[in-house]
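S.K.: Quick one: this structure, given as structure tokens, is what I'll be asking you about.
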Amino acid sequence: MSDSPDEQALWLQRAFDEHRRELHVHCYRLAGNVTDADDLLRIENGKIVESNAFIGARHVAAFGMPATLEPDAGAE
Numbered sequence: 001m002s003d004s005p006d007e008q009a010l011w012l013q014r015a016f017d018e019h020r021r022e023l024h025v026h027c028y029r030l031a032g033n034v035t036d037a038d039d040l041l042r043i044e045n046g047k048i049v050e051s052n053a054f055i056g057a058r059h060v061a062a063f064g065m066p067a068t069l070e071p072d073a074g075a076e
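The opening residue of the sequence shown carries number 1 in full-length UniProt numbering; numbering runs sequentially from there.
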């Protein structure tokens with residue numbers, strides 16, 4: 001049985017949150033200081049959020065709806 005894109009996104013975010021402490025330790029070892037480790041963690045969490053948005057956009061596009069709500073460039 002396949003999970004829906006929303007369930008996959010939620011699982012991925014929960015897994016990241018669950019392992020945040022361990023990930024921070026690894027980032028600290030790589031970066032050498034707490035500030036850079038925090039930045040690395042934020043960047044990786046941002047990538048997860050972006051991938052979740054992409055999954056959601058694909059899900060919305062499957063129903064024939066626009067993935068973004070940007071105004072038309074020619075409409076002024």
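We put the beta carbon where it would ideally sit given N, CA and C, even for glycine.
G46 by DSSP, collapsed to three states: which one?
M.R.: If DSSP states are grouped into helix, strand and coil, G46 belongs with the helices.
S.K.: Could you spell out the range, first to last residue, of the alpha helix (DSSP H) harbouring H19?
M.R.: Careful: H19 lies outside any alpha helix (DSSP H) and carries neither H nor E.
S.K.: According to the Cβ coordinates, are D38 and H19 closer than 9 Å?
M.R.: Against a cut-off of 9 Å, the Cβ pair of H19 and D38 comes out as no contact.
S.K.: Given a cut-off of 9 Å, decide if V49 and Q13 are closer than it, judged by their beta-carbon atoms.
M.R.: Contact: yes.
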